[in-house]
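Residues 1 to 480 in the UniProt record's numbering are what the sequence shown lists, from first letter to last. Below is one structure, written out as structure tokens; the observations come after it.
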Amino acid sequence: MRSHLLNDTTAEQYRRSVTEGIERVAAKLAATDRPFTGVTVDALAPTIDAIDLDKPLLDTAAVLDELEDVYLRDAIYFHHPRYLAHLNCPVVIPAVVGEAILSAVNSSLDTWDQSAGGTLIERKLIDWTTARIGLGPAADGVFTSGGTQSNLQALLLAREESKTDSLAKLRIFASEVSHFSVKKSAKLLGLGQDSVVSIPVDHDKRMQTVALAHELERCKKDGLVPMAVVATAGTTDFGSIDPLPEIAELCEQFGAWMHVDAAYGCGLLASLKYRHRIDGIERADSVTVDYHKSFFQPVSSSAVLVRDASTLRHATYHAEYLNPRRMVQERIPNQVDKSLQTTRRFDALKLWVTLRTMGADGIGQLFDEVCDLAVEGWRLLAADPRFDVVVEPTLSTLVFRYIPAAVTDPAEIDRANLYGRKALFASGDAVVAGTKVGARHYLKFTLLNPETKAADIAAVLDLIAGHAEQYLGESLDRAS
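This is the structure we're talking about:
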């Protein structure tokens, strides 16, 4: 079985095998005419269950043939212009080249002696990002697995910087539409269930700073500690951006750590048109960015950035076999000193190859296109009496609800919208997401594909309305 190890003697086999795999994927991408086949769990599970993993096929071509049946045929294809659901972006080719290289070389970004050039490339990209944010000369950070881990690490640093022995006194403030990872992080960090204070949002789904000020004042009055305020630059459901300058002022006034969750909105760091929408982010103590959302990178590619590099010491642990303390005096750069992870992929390489090929302006242009597309989509929805659209987009998300002319029962309208989404997914013609606004069910477009056009949005809206109308017609037939 040594013939399958990648080394100097198998380089040609590596080239042939990877090329064959790439050709399969390229053919699939070229032939894909809809984002999903509509396959069900019950239909696909038996095929995979029937495979005996203890009986290998011993041939790459045979494995790729099998992979067609168990994965490639029924995968969700984010590159298709009618995939409009979650924060999954189509990826740029340079990043995929970087992915192939990092997987083959298999560097681990924990210590210098496992990834010499990779360590410096990651650090250069961290410096590039903190400069784009404007965090200042003492800033630093590290790549992570995603926004949830980035938020967790940021709040860990905030907890340690709060300098209190009573975790029960710590409070985190976040808007009512902030990411669920804020509450999840609080639990993982040993804070009480009441530690996260939910701040109401305004009509545009932005944190109300008057309410935030009130809660911060009450926190101090009650003898509690305002550990952190999490401002969101691109909420998952609405793409809304909290008022960062005003939040920064309140954080300074009350001595709270300011964390900006820009997992989604970080694309504005490269924007040629809309960078001003995240003005104030430069005042943050920490920032989450997900390059795999709005920089068109393959999963995973994320980072947590901090204004003060010294705060990263709270994630440091020295092991003699890995990163003994003497290495600090010897100025050997070990990224594990900053990270919650030990073994860690060289995900930074994907962004490096992208920037060196396309440049930041190239990424920013793509993100600007999807933001512009969202405005077109909003105009379509606002002018269509069949739909109610919640807010004008700040980034590239649209939240809306089908409203039939002849039905007024909100619960029945809920069911029609849920059915419309489910039926659309089952057809494979398009994929959309859903959420709740208040107690009511809404649908959601997350537009991250520059190849999507206004005509695609209009066509998908017609499909949704058709499925919902079919459900309502069948519902009336049953009732009669």
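Built from N, CA and C at the ideal position, the CB exists for glycine as well.
- One thing to note: Y264 has its Cβ within 8 Å of the Cβ of L395.
- Per DSSP, F367 is one residue of the alpha helix (DSSP H) stretching across A348 to A383.
- Across the structure, S294 and L351 are spaced so that their CA atoms are roughly 12 Å apart.
- Judged by beta-carbon spacing, A454 lies within the 8 Å limit of L380, meaning their Cβ atoms are closer than that value.
- Within the region 176 to 203, the complete alpha helix (DSSP H) runs of at least 4 residues fall at 181 to 188.
- For S271, same chain residues with a beta-carbon under 7 Å away, outside a window of 5 residues either side, are G364, F367 and D368 in chain order.
- With a contact defined as Cβ atoms closer than 8 Å, G434 and L443 qualify at about 6 Å.
- Look at L424 here: in three-state DSSP terms it is helix.
- Contact between the region 68 to 80 and the region 44 to 54 is present: 3 or more CB-CB pairs across the two stretches fall below 8 Å.
- Counting C-beta pairs with one atom in each stretch, the region 329 to 341 and the region 169 to 188 have fewer than three that are closer than 8 Å, which means they do not touch.
- Under the three-state reduction of DSSP output, K220 falls in the helix class.
- Contact check for H179 against D69 fails: the beta carbons are separated by 8 Å or more.
- With respect to the 8 Å criterion, R82 and D462 are not classified as neighbours on the basis of their beta carbons.
- Around the Cβ of Q114, a 10 Å sphere holds 16 or more other Cβ atoms; the residue is buried.
- Here H86 is actually not in contact with P35; their C-beta atoms are around 12 Å apart, not less than 8 Å.
- Between P226 and T164, the alpha-carbon positions lie close to 11 Å from each other.
- Put simply, of Y274, A315, I22 and R345 the residue whose alpha carbon is nearest the alpha carbon of G146 is R345.
- DSSP places T60 inside the alpha helix (DSSP H), whose first and last residues are T60 to L67.
- Under the three-pair Cβ rule at 8 Å, the region 240 to 250 does not count as touching the region 139 to 153.
- In the assembly as shown, S302 is a buried residue. Its beta-carbon has 16 or more other beta-carbons within 10 Å.
- The beta-bridge partner set that DSSP reports for G141 consists of L305.
- A straight line joining the alpha-carbon of T316 with that of L156 spans about 12 Å.
- Annotation for S17: T60 place their beta carbon closer than 8 Å to its own, counting only its chain and skipping 5 residues before and after.
- With contacts defined as CB atoms closer than 8 Å, L472 and V432 fail to qualify as a contacting pair.
- In this structure the region 421 to 428 does not touch the region 48 to 68; the number of beta carbon pairs closer than 8 Å is below three.
- Counting of Cβ neighbours within 10 angstroms places H259 among the buried residues, the total reaching 16 or more.
- Separation of the CB atoms of V304 and Q208 is rounded to 26 Å, and the pair is thereby denied contact status at 8 Å.
- Rounded to whole angstroms, the separation of the alpha carbons of V92 and D204 is 32 Å.
- From the listed residues R421, A416, N449 and T10, the smallest Cα separation to T397 is found for N449.
- For G434, the enclosing beta strand (DSSP E) covers residues A433 to V437.
- Spatial neighbours of G134 in its own chain (CB-CB distance under 8 Å, excluding positions within 5 residues in sequence) are listed in chain order as I281 and E282.
- Burial is judged here by how many other beta carbons sit within 10 angstroms of a residue's own beta carbon; I413 has at least 16 and is buried.
- Shown here, M227 sits in a strand according to DSSP, grouped into three states.
- Inclusion of V299 and D237 in the CB contact set at 8 Å is not warranted, their separation being larger than that value.
- With contacts defined as CB atoms closer than 8 Å, L167 and Q335 fail to qualify as a contacting pair.
- Secondary-structure assignment with DSSP links W257 through a beta bridge to A228.
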